[in-house]
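These notes concern the structure reproduced below.
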Amino acid sequence: MTTGLSKILEYESEGQIWKIIPDTKEQKIILEIRDGDNREVKFSALDYAKGAIIWEDLQFEEEWLTSIYGASGGNAYFFEFEDAEIPQPKGIIAVVIRDKDILWYHENYILEKILQKELLVSEEREGEKHFFYLNVDDGEIKKTKPEGEKTLTEKEEILSPLKYEEGNEHFETIKKFLNDMLNAEPFGIIDYLEINGLIILGFYKKDKNGIISNLLILNLEGEILFETILEIGLKGIGENIFSVLNNKCLIFLEGKTKVVGLDVSQSA
79 MTTGLSKILE
89 YESEGQIWKI
99 IPDTKEQKII
109 LEIRDGDNRE
119 VKFSALDYAK
129 GAIIWEDLQF
139 EEEWLTSIYG
149 ASGGNAYFFE
159 FEDAEIPQPK
169 GIIAVVIRDK
179 DILWYHENYI
189 LEKILQKELL
199 VSEEREGEKH
209 FFYLNVDDGE
219 IKKTKPEGEK
229 TLTEKEEILS
239 PLKYEEGNEH
249 FETIKKFLND
259 MLNAEPFGII
269 DYLEINGLII
279 LGFYKKDKNG
289 IISNLLILNL
299 EGEILFETIL
309 EIGLKGIGEN
319 IFSVLNNKCL
329 IFLEGKTKVV
339 GLDVSQSA
């Protein structure tokens, strides 16, 4: 149910979406999509500002043991690993998001942090870990250490919800509200974010088939603007149900194969 919140992105994949990696500078997201039956991993790039597909079905030489580390400034950074049970990163593949061209590749470095203009990487040498800074444009080692750089995770362009665990007073307050309004009995944990005159709630409840994840958006007067079931038959509680990018785009998964973006830049 929606009243006034516009959908700005919707994309459904053939495989299971394992990761949603944002590049908030360019307002793009990269999806890591895995097909366990065929042991294939593919990647798709979406423009969440325009609600458009940039490209789909990017694959590397290693068709299964590849994953994505992060994205920033128009580049995405991938890594390979040798053991599917213990996916320790090995190597760095830098790809231009605009056209999915490989920008550069390092076989032995491990990506530690994405900075604004550099990458902090490490390499194992004779049992010791050595650290270097790489230029994002060409992958070359920088001779001087950058100063005043911020990591991608320190930016305020990716907002994650507060998490209220069962027994916390805020959990109990929201639980009573949901019970009175929807006759819902949330348990475990509630995701809570207040932004732009909206209250966004992610919560779990149980039925005879397992656990159900839910998303609810209200205005400050308590009017429901959006309500949906995200997934049914879950075996446990996951990580964040949603996040907000650039103070505007609410990103979440419906099931395991569909990513949706809603415009939450202003309340309805």
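Residues 79 to 346 (my numbering) make up the sequence shown, in order. We put the CB at the ideal spot given by N, CA and C, even for glycine. All values derive from a computational prediction rather than experimental measurement.
Buried or exposed for D177, please, with buried defined as at least 16 other CB atoms from any protein chain shown within 10 angstroms of its CB.
In the sequence shown, residue 177 corresponds to position 99, counting from 1. By the neighbour-count rule (16 or more Cβ atoms within 10 Å), D177 is not buried but exposed.
Take the Cβ of T251 as the centre, count every other Cβ of all protein chains shown within 10 Å, and call the residue buried at 16 or more, exposed below.
Position 173 of the sequence shown holds residue 251. T251 comes out exposed.
Is there a Cβ from chain D that is less than 9 Å from the Cβ of I146?
Note that chain D does not occur in the displayed structure, where there is just one protein chain.
Coil, strand or helix - F159 by DSSP:
For the purposes of this step, residue 159 is taken as the residue at position 81 of the sequence shown. Coil, per DSSP.
For the candidate residues E140, K195, L256, whose alpha-carbon lies nearest to that of K168?
Position 90 of the sequence shown, counted from the first residue, corresponds to residue 168. Nearest C-alpha to K168: E140.
Taking 8 Å as the limit between beta carbons, can you name the residues of its chain near F320, skipping five residues before and five after?
Within the sequence shown, residue 320 is the residue found at index 242, counting from 1. Excluding sequence neighbours, F320 sits near P239, D269, L271, I278, G280, L293, L328, I329, F330.
Taking buried to mean at least 16 other C-beta atoms within 10 Å of its own C-beta, is V342 buried or exposed?
Start at 1 with the first residue of the sequence shown, and residue 342 comes out as number 264. It counts as buried.
Whole beta strand (DSSP E) elements within the region 177-217, 3-residue minimum:
180-184, 188-192, 196-203, 206-213
Taking buried to mean at least 16 other C-beta atoms within 10 Å of its own C-beta, is E149 buried or exposed?
One-based indexing of the sequence shown puts residue 149 at position 71. Residue identity check: residue 149 is Ala in the sequence provided, not Glu. A149 should be labelled buried.
According to DSSP, simplified to helix, strand and coil, what is F255?
Taking the first residue of the sequence shown as position 1, residue 255 is located at position 177. It is helical.
Can you check whether the CB of G333 is closer than 9 Å to the CB of Y126?
As a position in the sequence shown, residue 126 is number 48, starting the count at 1. As a position in the sequence shown, residue 333 is number 255, starting the count at 1. Not a contact, by the Cβ cut-off of 9 Å.
Identify the continuous beta strand (DSSP E) that holds D135 and give its terminal residues.
For the purposes of this step, residue 135 is taken as the residue at position 57 of the sequence shown. Its beta strand (DSSP E) spans residues 130-136.
What residue from Q105, I170, E160, E185 has the CA that sits closest to G152's CA?
For the purposes of this step, residue 152 is taken as residue 74 along the sequence shown, with counting starting at 1. When only C-alpha atoms are compared, the closest one is Q105.
Could you tell me whether the Cβ atoms of L323 and I107 are closer together than 9 Å?
Along the sequence shown, one-based indexing puts residue 323 at 245. Along the sequence shown, one-based indexing puts residue 107 at 29. Yes, Cβ-Cβ distance for L323 and I107 is below 9 Å.
Of the residues P100, Y187, L87, which one's Cα is nearest the Cα of G129?
One-based indexing of the sequence shown puts residue 129 at position 51. Of P100, Y187, L87, the residue nearest in Cα terms is L87.
Using DSSP with H/G/I as helix, E/B as strand and the rest coil, what is E243?
Residue numbering aside, residue 243 sits at position 165 when the sequence shown is read from its first letter. E243 falls in the strand class under three-state DSSP.
On the premise that V214 lies in contact with E196, defined as a C-beta separation below 8 Å, what is that separation, rounded to the nearest angstrom?
Taking the first residue of the sequence shown as 1, we reach residue 196 at position 118. Taking the first residue of the sequence shown as 1, we reach residue 214 at position 136. Right, the Cβ-Cβ distance comes to about 6 Å (below 8 Å), so this counts as a contact.
Which of the three DSSP states is assigned to L260 in this structure?
As a working note, residue 260 is residue 182 in the sequence shown. Three-state result, L260: helix.
Just how far apart, CA to CA, sit K313 and I99?
Counting from 1 along the sequence shown, the entry for residue 313 is found at position 235. Counting from 1 along the sequence shown, the entry for residue 99 is found at position 21. Each residue's Cα considered, the two are about 24 Å apart.
When V199, D113, T102 are compared against L124, the one with the closest alpha-carbon:
Here residue 124 refers to the residue found at position 46 of the sequence shown. Minimum Cα distance to L124 is reached at T102.
Mind checking K85: buried by the 16 CB within 10 Å criterion, or exposed?
Indexing the sequence shown from 1 puts residue 85 at position 7. K85 is exposed by the Cβ-count criterion.
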